[in-house]
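Student:
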Amino acid sequence: MLEHWRWQPSLNTVEDSPGEGGHQAEESYEGLLAGTGAEIHLSSDCGQPPLNTRIVGGQDALAGSWPWQVSLQKTKHFCGGSLINNLWVLTAAHCIPSGNPAGLTVFLGLQSLQGSNPNKVSRTVAQIIVHPDYNSVTSNNDIALLKLSSSVSFTSYISPVCLAASDSSFYSGVNSWVTGWGNVGEGGGLKLVGNRLCYCNYNSRRVTITDNMICAGLTEGGKDSCQGDSGGPMVSKQGGRWIQAGVVSFGVGCARPNIPGVYTRVSQYQNWVNSQITSNQPGFITFTSTGTNSLLHSHSQFHLDNKRGHALLLPLLPLHPSSHLHLMSPSLPMERSTP
Numbered sequence: 001m002l003e004h005w006r007w008q009p010s011l012n013t014v015e016d017s018p019g020e021g022g023h024q025a026e027e028s029y030e031g032l033l034a035g036t037g038a039e040i041h042l043s044s045d046c047g048q049p050p051l052n053t054r055i056v057g058g059q060d061a062l063a064g065s066w067p068w069q070v071s072l073q074k075t076k077h078f079c080g081g082s083l084i085n086n087l088w089v090l091t092a093a094h095c096i097p098s099g100n101p102a103g104l105t106v107f108l109g110l111q112s113l114q115g116s117n118p119n120k121v122s123r124t125v126a127q128i129i130v131h132p133d134y135n136s137v138t139s140n141n142d143i144a145l146l147k148l149s150s151s152v153s154f155t156s157y158i159s160p161v162c163l164a165a166s167d168s169s170f171y172s173g174v175n176s177w178v179t180g181w182g183n184v185g186e187g188g189g190l191k192l193v194g195n196r197l198c199y200c201n202y203n204s205r206r207v208t209i210t211d212n213m214i215c216a217g218l219t220e221g222g223k224d225s226c227q228g229d230s231g232g233p234m235v236s237k238q239g240g241r242w243i244q245a246g247v248v249s250f251g252v253g254c255a256r257p258n259i260p261g262v263y264t265r266v267s268q269y270q271n272w273v274n275s276q277i278t279s280n281q282p283g284f285i286t287f288t289s290t291g292t293n294s295l296l297h298s299h300s301q302f303h304l305d306n307k308r309g310h311a312l313l314l315p316l317l318p319l320h321p322s323s324h325l326h327l328m329s330p331s332l333p334m335e336r337s338t339p
């Protein structure tokens, strides 16, 4: 039985205001558009932040750096999600257990949970589709779709992420990021844990790790980020596009040895997503990588560095909700599951 979800139901409220990856080391990336405010119209433009920003670890994310990041709120922020076309958001099923959209608002183009957000847009939710095989006890198939009440226009601050296609492969050595509003302790390193080892670690707690999941965390414990931004995206970069490989799902306790965090594997759900979204379908991209596919240990790590209590971008870890969208530049591998 899981001891808690990585979800915080009592967070900072966003005041309304009018309108507001894996890169290698410190790689800069070019956006589709160089200016601000220009609109994009096709889901084929997924995963390409329009603004020409540079990713630097340990800093608050610049506005427009992660334009697919959304905040789910019922008076207060309680979960994250990702925009996948102009009408749909991807998140975790456990974020919306009732399946009732009443009172639920999605905020897009959000830079901070407090203060001014000049690029912010909000939509109510018309429909919630939870995966039919979602199991709240085992956390398998922890994935859901939210249909917005009306479509949003893509701008420099609001645009969709690509999704990992069903034939994607994720091997050791791939850099990955999770975005959100969080707060973690300073110092320490976090490493990916292969699904076999993750299975063994959780099996003793009667939790089954399936091929629908990806695991990551510190095997020795002591550092973690807990109870924040479930449903948020984990992304990697390929050929100029950011591709979502995971959805923040669950963990046991916080920062415990040999207990990594667990994330829903997006590539397992291409057919399901396309069966629900029949027009203007999201951009699915095959992510390819090579590596040794070690299942027992990671080959690289990243370090936490947050002294200000801002939200952090962390590899494969959900975040404590706090103030500003924040990022780190990790060198974290993912590892492919082996049946």
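For the sequence shown, position 40 matches number 40 in full-length UniProt numbering, and the numbering has no gaps at all. Where is the CB? At the ideal position from N, CA and C, for every residue including glycine.
Using DSSP with H/G/I as helix, E/B as strand and the rest coil, what is W272?
Tutor: Note: W272 maps to helix in three-state DSSP.
Student: Assuming I277 and N85 are in contact, meaning their beta carbons sit under 8 Å apart, how far apart are those beta carbons, in whole angstroms?
Tutor: Rounded, the Cβ-Cβ distance is 7 Å, consistent with contact.
Student: Go to T286, then tell me how far its beta strand (DSSP E) extends in each direction, as first and last residue.
Tutor: Premise fails: T286 is in no beta strand (DSSP E) and is neither H nor E.
Student: Expressed to the nearest angstrom, what Euclidean distance is found between the alpha-carbon atoms of Q127 and Y157?
Tutor: Each residue's Cα considered, the two are about 24 Å apart.
Student: Can you give me the C-alpha to C-alpha distance between I96 and A245, rounded to a whole angstrom?
Tutor: The alpha-carbon atoms of I96 and A245 are separated by roughly 21 Å.
Student: List the endpoints of the continuous beta strand (DSSP E) containing G246.
Tutor: Per DSSP, G246 belongs to the beta strand (DSSP E) from R241 to G251.
Student: Comparing C-alpha positions only, which one of G239, V125 and I209 sits nearest to L146?
Tutor: Minimum Cα distance to L146 is reached at V125.
Student: When the Cα of S275 is compared with those of S82, P118, V130 and S122, which residue comes out closest?
Tutor: With distances taken between Cα atoms, S275 lies closest to V130.
Student: How many whole angstroms separate the CB atoms of P213 and S176, which I take to be in contact at a CB cut-off of 8 Å?
Tutor: In the sequence under discussion, the amino acid at residue 213 is Met, which differs from the Pro named in the question. Contact doesn't hold; Cβ gap of about 14 Å is too wide.
Student: Quick one: what's got a C-beta closer than 6 Å to S168's C-beta in the same chain, skipping five residues either side?
Tutor: Contacts found: S267, T286 and F287.
Student: Looking at C-alpha atoms only, which residue of Y269, N280 and Q238 is the closest neighbour of S166?
Tutor: Comparing Cα positions, the closest option is Y269.
Student: Can you look up V207 in the DSSP assignment and give me helix, strand or coil?
Tutor: Coil.
Student: Could you have a look at C162 and say whether DSSP puts it in helix, strand or coil?
Tutor: C162 falls in the strand class under three-state DSSP.
Student: With DSSP run on the structure shown, which of helix, strand or coil describes S82?
Tutor: Strand.
Student: Taking just the CA atoms, how far does K74 sit from S17?
Tutor: Any reading at S17 needs caution, since the residue's pLDDT is 30, under 50, leaving its predicted position unreliable; the model's value is listed next. The straight-line gap from Cα to Cα measures roughly 17 Å.
Student: Going by the CB atoms, is the gap between A93 and A164 shorter than 8 Å?
Tutor: Cβ distance not < 8 Å, so A164 and A93 don't count as in contact.
Student: Just the Cα atoms here: how many angstroms apart are P282 and P118?
Tutor: Taking the straight line joining both Cα atoms gives about 27 Å.
Student: Let's see if you can read the secondary structure: which residues bound the beta strand (DSSP E) around S122?
Tutor: Start and end: V121 to V130.
Student: Among the candidates Y171, G231 and H77, whose CA atom is the shortest distance from the CA of L83?
Tutor: Nearest C-alpha to L83: G231.
Student: Would D45 pass as a contact of S159 if the rule is Cβ separation under 8 Å?
Tutor: Cβ atoms of D45 and S159: closer than 8 Å.
Student: Can you pull the DSSP bridge partners for P233?
Tutor: Looking at the DSSP assignment, P233 forms a beta bridge with V247.
Student: Comparing alpha-carbon positions, which option in G99, V89, S112 and S136 lies nearest L148?
Tutor: Checked all of G99, V89, S112 and S136; the closest Cα to L148 is V89.
Student: Suppose contacts are defined by Cβ-Cβ distances below 8 Å. Is L72 in contact with G64 by that definition?
Tutor: Contact flag unset, no.
Student: Is DSSP giving M116 helix, strand or coil here?
Tutor: One point to set straight first is that residue 116 is Ser, not Met, in the sequence displayed. Reduced to three states, the DSSP call for S116 is coil.
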